[in-house]
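Asks: One structure is given below, represented as structure tokens, and several questions about it will come after.
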Amino acid sequence: MTAEAGDRRIGELRFLDPAILARLGSLELKARTVVEGFLSGLHRSPFKGFSVEFAEYRQYLPGDDLSTIDWKVYARSDRYYVKKFEEETNVDCHLLLDISASMGYGSQGVTKLRYGLMLAASLAFLMNRQRDAVALTTFDEAIVTMLPPSARASHLRSILVTLDRVTLGRRTDVSKPLHLMAEAIGKRGIVILISDLLDDPAQVVEGLRHFRFRGSDVIVFHLLDPAERTFPFKRAARFRDIESGDELMAVPSIVRQEYLDALQRAIDGYRRELGSGGIDYQLIETSTPLEFALMAYLSTRVKRR
Amino acid sequence: MFGLSFLSPLFLVGAAAAAIPIAIHLFYRRTEPVIEFAAMRYLRQAPVEESRRRRLRELLLLALRVTALVLLACAFARPYFAGAAIASGEATVVLVDTSASLSAPGHFDRVRERAAATVRAAPATHAIAVLAFANAADVIAPLSADRAGALAAIAQLKPGAGATRFRAGLERAGAELGGRQGRIVVVTDLQESGWDAATDGGVPEGVTVEIEEIDGPTANLAVTSLRVEAGEAVAVVQSFSPQAVTEQVVFTVDQRRLGAVPISLSSGGSAEARLPLGSVQRGALTAAIADREGFFADNARYAVLDGSSALSVLALTASGHPSESLYLERALTVANGPGGFRFRAIRASAFAGFDDGGQLDVIVVAGTSGLDERGRARLGAFVRAGGGLLVTVGPDVDAAIFSQALSSVVSTGWRARPAAAMSFAPADSRHPVFRPFGGVGTLGNVTFTRTVLVDASEGARVLARYTDGTPALVEERTSAGRVLVFGSDLNYRWNDFPVQPAFVPFVHEAIRYLGSPRSSRVEYQVGDLPGAQGATPGVVQLGTTQTRGRRVAVNTDPRESDPRRMTVEAFQAGISHLQAGAAIEAQAEVRRQEDAQGLWWYGLLLMVVSLAAEGILGRRLG
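As they're listed, the protein sequences go chains A and B.
Counting in the working numbering, the first sequence runs from 1 upward without gaps.
Counting in the working numbering, the second sequence runs from 306 upward without gaps.
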């Protein structure tokens, strides 16, 4: 399936606004809401069938992939049935969540960390549903928590509890934990980095390439707040660094374009550098429904099949 | 120290408006939003300002705004640099009255004693100055801590013959204080006439004036007038005694006794003593009495018998023929002798070589034909030297020659115009030339058949106008002399003025007015003449060019002979008036200084510069 086809498909789904989602109860409930909604929307989607284990027969419906029709059943019953499979769990998915102080920024009710938590939980839920082993690592300038990969249902609960207890960390230093993680991961798998990437781009790219070097597929979810994307401020103000506390006096009308240009250069740099290293890069605003991120993950998962 | 002062300091209250930008600055400083932001990495790549640098700019902006407002307030307050240096410390100025009213025998000893006592009693921290005053004030011991020197100077003081002029003394004393706080102690007999003369003067604010009163004689006899009248010397003696007295007036000429005339005086009355002069025509005439109890200085009066007080008038005519100045000559010769005129007419061409002996007061130009270059130059020099010039613009006077002769002196000229009958009237009847006429009077009867159109220059003054409104008589003053241009002739050719009754008084007053700067004043009062010769009564020789070596009489001011005295309270009331007057004068002086310096313009200019800089900086700050 191409990315364009996927986008069209997603466009037909109904998504939950992240701000609304954030007001729901536990992280598990949020994850379940997202994933099950997402999966029911994908009821007729070609993503069904990653697994190699037979699950059930279902009557053919227009639109189903012809390759999934069980011709033997057709020969017996003169009816079209399609075979449904459940993929065997043979992939380790590593969720790397940046919890540095800069992730605590949010201009529209949902901070980047909150969004990242929901995204990580949803991904973990989805992976667990698909019998993938899920690992979770949170980090700021160092690794804060680390849960090893497992496909058990109880492990999912551990991950969700861990995510629920996450608090903001200190300064951002993405590259150092990445290198540590790359060394720590023994089996090739899928590495998902959720971060605002407010660090030296070269260091970040080098850390991620380390994963590729170790044979893992890498997906980067670059989270940005809408205010960081548009710099909508009007009045002259003192901008205080959320991590260091340093202040800058700036007149938005004067600095806006320069800021946006600098940000765009960084995004373009990430897109170019990571793309050339075979790393999927997804720029996600925290106002974007989580399903887009899940779709991006599934796209990568399909490629691995 | 020269200090910055303000003419209208109340406007400085407007500088309080400087609090507005300060308040705005502080308000915005408090409410300036602080935005927590994460993507500072990219914001730092934009041209943002460091907080500290922006603060500095804001402070600079604030300073410029405050400066602009303060400068505006200062400009309205009209600043100026005070011209006088302000001295520090306190001082006592002892102002000793040395006028003629203290010349009675024995009185001045008391003056010296009281002045010395005042010096001794002055506070130890005060500097001391001693000034002597009568009609003017002199510093005899400048301001210093040297009390011995001050006492020695007081011991040398003697009474003079000058009149009491409190204002002059107090003003000089105030100047001697030089802005110090302190007091002026006036040692005086409080003569009532001391406030009479309208001389300038004042007492600075913050200076107290104290009186050391000296008793004086209650009776005085004075020779208050001496004149020559119909061949007799006439002396007027005034009695200021409470009882009737008899006295003898002794007349002398050049110290030769002519005779003595006994007089009887009632209480407060006066009497004339007359003595025929006989063949005596010249010399220094003195009338003296022997008043041993009253003021000494007014016991004699002086007069000069030199018969040279008539104004010397020269008429320049076309040919010099007597008929060309006939009416002028007749009008002037009726007042021959002292107080009158000495008239002579010559042809204009002879003026260059004319020897006037330095006695010429007025020149009447009735003809210019033949007036050569030297004559023209001499005419201009005559006016520049203070001479009077009457130009009667008749048929023999050429405007071109006149303007060339006086090109550097006067600018008024004239043009010919068609004959027309008209009369004239004074434009300013208070002018000395027209004062005897009391308005138009008989001048309105004069009929002119021809006139010229006089072009009065910008600085000229039109004294009379024709009935068509054009100038008839124009006066133009130079730095020393006076020029009258009459827009018609005075020899019965273009008008009937010479046969009108107004002619003679008009000519007399015009000539007297023109000759007044060089007139031969024969009597002065003590203090009128500069130097030592004006300080004592008597007959003195004036050697200046202007007075041409004349002898003049110097006498005491008759008002000084009146021994009436005022109370201390009345004197202090006079001081209050002086201080009020001094304050007004000081204010006027301040205004003149401020006008001359014009600092407010610079203030406004700086304000505009500040605002421009503020605008540029403000735009950069956003």
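Ideal Cβ placement from N, Cα and C applies to all residues, glycine included.
1) Can you check which of these residues, A:T68, A:V218, A:D261, is closest to S299 of chain A by C-alpha distance?
2) Could you tell me the distance, in whole angstroms, from the CA atom of V318 of chain B to the CA atom of F233 of chain A?
3) Between which two residues does the beta strand (DSSP E) holding H222 of chain A run?
4) Quick test of your reading: V435 of chain B and V401 of chain B, contact by CB under 8 Å. State the CB separation rounded to the nearest angstrom.
5) Shortest alpha-carbon distance to G521 of chain B belongs to which of B:Q805, B:P410, B:A901, B:Y818?
6) Hey, is L97 of chain A's beta-carbon within less than 7 Å of any beta-carbon in chain B?
7) On the DSSP bridge list, what partners appear for G718 of chain B?
8) Identify every run of the beta strand (DSSP E) within the region 842-899 of chain B, keeping only runs that are complete inside it and at least 3 residues long; order them along the chain.
9) Would the beta-carbon of V757 of chain B fall within 7 Å of that of G792 of chain B?
10) Output needed in chain order: residues of the region 310-344 of chain B with a Cβ under 8 Å from some Cβ in chain A.
11) By DSSP's criteria, H94 of chain A is part of a beta bridge. Which residues make up the other side?
12) Would you call the region 88-105 of chain A in contact with the region 163-182 of chain A, where contact means no fewer than 3 C-beta pairs closer than 8 Å?
13) Kindly list the residues whose CB is nearer than 8 Å to the CB of D661 of chain B, restricted to its own chain and excluding five residues on each side of it in sequence; keep chain order.
14) Please report the distance separating the alpha-carbon of V444 of chain B from that of A858 of chain B.
15) Any chance the region 105-115 of chain A sits against the region 61-79 of chain A, with 3 or more Cβ pairs inside 8 Å?
16) Residues of chain B with a CB under 9 Å from the CB of L178 of chain A: which are they?
17) Anyone know if the C-beta pair for L633 of chain B and L748 of chain B falls short of 7 Å?
18) Report yes if the C-beta distance between T673 of chain B and V702 of chain B is below 7 Å; otherwise report no.
19) Of all the CB atoms in chain A, is at least one closer than 7 Å to the CB of M306 of chain B?
20) Compile a chain-ordered list of the residues in the region 181-207 of chain A whose CB is closer than 7 Å to at least one CB of chain B.
21) Regarding G691 of chain B and the ligand HEM, is the C-beta to nearest heavy atom distance less than 6 Å?
22) For the region 480-500 of chain B against the region 406-425 of chain B, are there 3 or more C-beta pairs whose distance is under 8 Å?
23) List, in order along the chain, the chain B residues whose C-beta lies closer than 8 Å to that of R240 of chain A?
24) Going residue by residue through the region 244-303 of chain A, where are the continuous alpha helix (DSSP H) segments of at least 4 residues, counting only ones entirely within it?
25) Are at least three pairs of beta-carbons, each pair with one atom in the region 411-421 of chain B and one in the region 443-459 of chain B, less than 8 Å apart?
26) So, for V585 of chain B: in the same chain, excluding its five sequence neighbours on each side, which residues have a beta-carbon less than 6 Å away from its beta-carbon?
27) Counting only Cβ pairs nearer than 7 Å, list the residues of chain B close to S311 of chain A.
28) Quick check: P384 of chain B and F311 of chain B, are their CB atoms within less than 7 Å of each other?
29) Determine the direct distance from the alpha carbon of A442 of chain B to that of H412 of chain B, and round the result to whole angstroms.
30) Between R787 of chain B and the rest of its own chain, which residues show a CB-CB distance below 6 Å, the 5 nearest in sequence each way excluded?
31) Give the residues of chain B in contact with F139 of chain A, contact being defined as C-beta atoms less than 8 Å apart.
32) Alpha helix (DSSP H) containing M118 of chain A: first to last residue?
33) On the three-state DSSP scale, how would you describe R360 of chain B?
34) For K83 of chain A, does the three-state DSSP call read helix, strand or coil?
35) Once you ignore the five residues that flank L119 of chain A on each side, which residues in its own chain have a CB closer than 7 Å to its CB?
36) In whole angstroms, what separates the C-alpha of F316 of chain B from that of I329 of chain B?
Replies: Taking the definition as stated:
1) In the first sequence, the residue the question calls residue 299 of chain A occupies position 299. Of the candidates A:T68, A:V218, A:D261, the one whose C-alpha sits nearest the C-alpha of S299 of chain A is A:V218.
2) Position 13 of the second sequence holds residue 318 of chain B. Position 233 of the first sequence holds residue 233 of chain A. Rounded to the nearest angstrom, the gap between the Cα atoms of V318 of chain B and F233 of chain A is 41 Å.
3) Along the first sequence, read from residue 1 onward, the residue named residue 222 of chain A stands at position 222. Annotation for H222 of chain A: the continuous beta strand (DSSP E) segment containing it runs 217-224.
4) Stepping through the second sequence from its first residue, residue 435 of chain B is reached at position 130. Stepping through the second sequence from its first residue, residue 401 of chain B is reached at position 96. About 7 Å separates the two Cβ atoms, so the contact holds.
5) Here residue 521 of chain B is taken as the residue at index 216 of the second sequence, counted from 1. When each option's Cα is compared against that of G521 of chain B, the closest is B:P410.
6) Counting from 1 along the first sequence, the entry for residue 97 of chain A is found at position 97. No, because no Cβ of chain B sits closer than 7 Å to the Cβ of L97 of chain A.
7) Taking the first residue of the second sequence as position 1, residue 718 of chain B is located at position 413. Beta bridge pairing from DSSP links G718 of chain B with B:D760.
8) If only complete runs of 3 or more residues are kept, the region 842-899 of chain B shows the beta strand (DSSP E) at 843-846, 856-860, in order along the chain.
9) Counting from 1 along the second sequence, the entry for residue 757 of chain B is found at position 452. Counting from 1 along the second sequence, the entry for residue 792 of chain B is found at position 487. G792 of chain B is positioned such that its CB atom lies closer than 7 Å to that of V757 of chain B.
10) Of all residues in the region 310-344 of chain B, E337, P338, V339, I340, E341, F342, A343, A344 have a Cβ within less than 8 Å of some Cβ in chain A.
11) Working through the first sequence from its first residue, we reach residue 94 of chain A at position 94. Answer is A:A135, A:V191.
12) The answer is yes - the region 163-182 of chain A touches the region 88-105 of chain A, with three or more Cβ pairs under 8 Å.
13) Residue mapping note: residue 661 of chain B aligns to position 356 of the second sequence, counting from 1. Result list for D661 of chain B: S617, L619, in chain order.
14) Locating residue 444 of chain B in the second sequence gives position 139, counting from the first residue. Locating residue 858 of chain B in the second sequence gives position 553, counting from the first residue. The straight-line gap from Cα to Cα measures roughly 27 Å.
15) They do not touch, by the three-pair rule.
16) Reading the first sequence from its first residue, position 178 is the one you call residue 178 of chain A. Ordered by position in chain B, no residue passes the 9 Å Cβ test against L178 of chain A, which lies about 18 Å from the chain.
17) Here residue 633 of chain B refers to the residue found at position 328 of the second sequence. Here residue 748 of chain B refers to the residue found at position 443 of the second sequence. No.
18) Within the second sequence, the letter at position 368 stands for residue 673 of chain B. Within the second sequence, the letter at position 397 stands for residue 702 of chain B. Yes.
19) On the second sequence, residue 306 of chain B is found 1 positions in, with the first residue counted as 1. Low confidence applies here, because M306 of chain B scores a pLDDT of 46, under 50, leaving its location unreliable and the question unanswered by this model.
20) So the list reads D196, L198, given in the order they occur along the chain.
21) Absent from the structure shown: the ligand HEM. Ligands present: none.
22) Taking 8 Å as the limit for Cβ pairs, the verdict is that the region 406-425 of chain B does touch the region 480-500 of chain B.
23) For the purposes of this step, residue 240 of chain A is identified with residue 240 of the first sequence, where counting begins at 1. Near R240 of chain A (Cβ distances below 8 Å), the residues of chain B are V339, I340, E341, F342.
24) Fully enclosed alpha helix (DSSP H) runs of 4 or longer: 252-276.
25) Contact between the region 411-421 of chain B and the region 443-459 of chain B is present, because at least three Cβ pairs lie under 8 Å.
26) Numbered from its first residue, the second sequence carries residue 585 of chain B at position 280. Listed in chain order, the non-local C-beta contacts of V585 of chain B below 6 Å within the same chain comprise V558, local neighbours out to five positions each way being set aside.
27) Shown here, chain A extends from 1 to 305; a query on residue 311 of chain A therefore has no answer.
28) Start at 1 with the first residue of the second sequence, and residue 384 of chain B comes out as number 79. Start at 1 with the first residue of the second sequence, and residue 311 of chain B comes out as number 6. Yes; because the gap between Cβ atoms is below 7 Å, this pair is in contact.
29) Within the second sequence, residue 412 of chain B is the residue found at index 107, counting from 1. Within the second sequence, residue 442 of chain B is the residue found at index 137, counting from 1. A straight line joining the alpha-carbon of H412 of chain B with that of A442 of chain B spans about 20 Å.
30) By one-based count along the second sequence, residue 787 of chain B stands at place 482. Same-chain partners within the cutoff: G693, L819.
31) Sequence index remark: in the first sequence, residue 139 of chain A carries index 139 (1-based). Against chain B, a Cβ distance below 8 Å from F139 of chain A picks out nothing, because the smallest value is about 17 Å.
32) Numbered from 1 along the first sequence, position 118 holds the residue referred to as residue 118 of chain A. First-last of the alpha helix (DSSP H) with M118 of chain A: 112-129.
33) Within the second sequence, numbered from 1, the residue matching residue 360 of chain B stands at position 55. Looking at R360 of chain B - three-state DSSP - the assignment turns out to be helix.
34) Indexing the first sequence from 1 puts residue 83 of chain A at position 83. Note: K83 of chain A maps to strand in three-state DSSP.
35) For the purposes of this step, residue 119 of chain A is identified with residue 119 of the first sequence, where counting begins at 1. Excluding positions up to five away in sequence, the list reads I194, F221, L290, A293.
36) Residue mapping note: residue 316 of chain B aligns to position 11 of the second sequence, counting from 1. Residue mapping note: residue 329 of chain B aligns to position 24 of the second sequence, counting from 1. F316 of chain B and I329 of chain B have their C-alpha atoms some 22 Å from each other.
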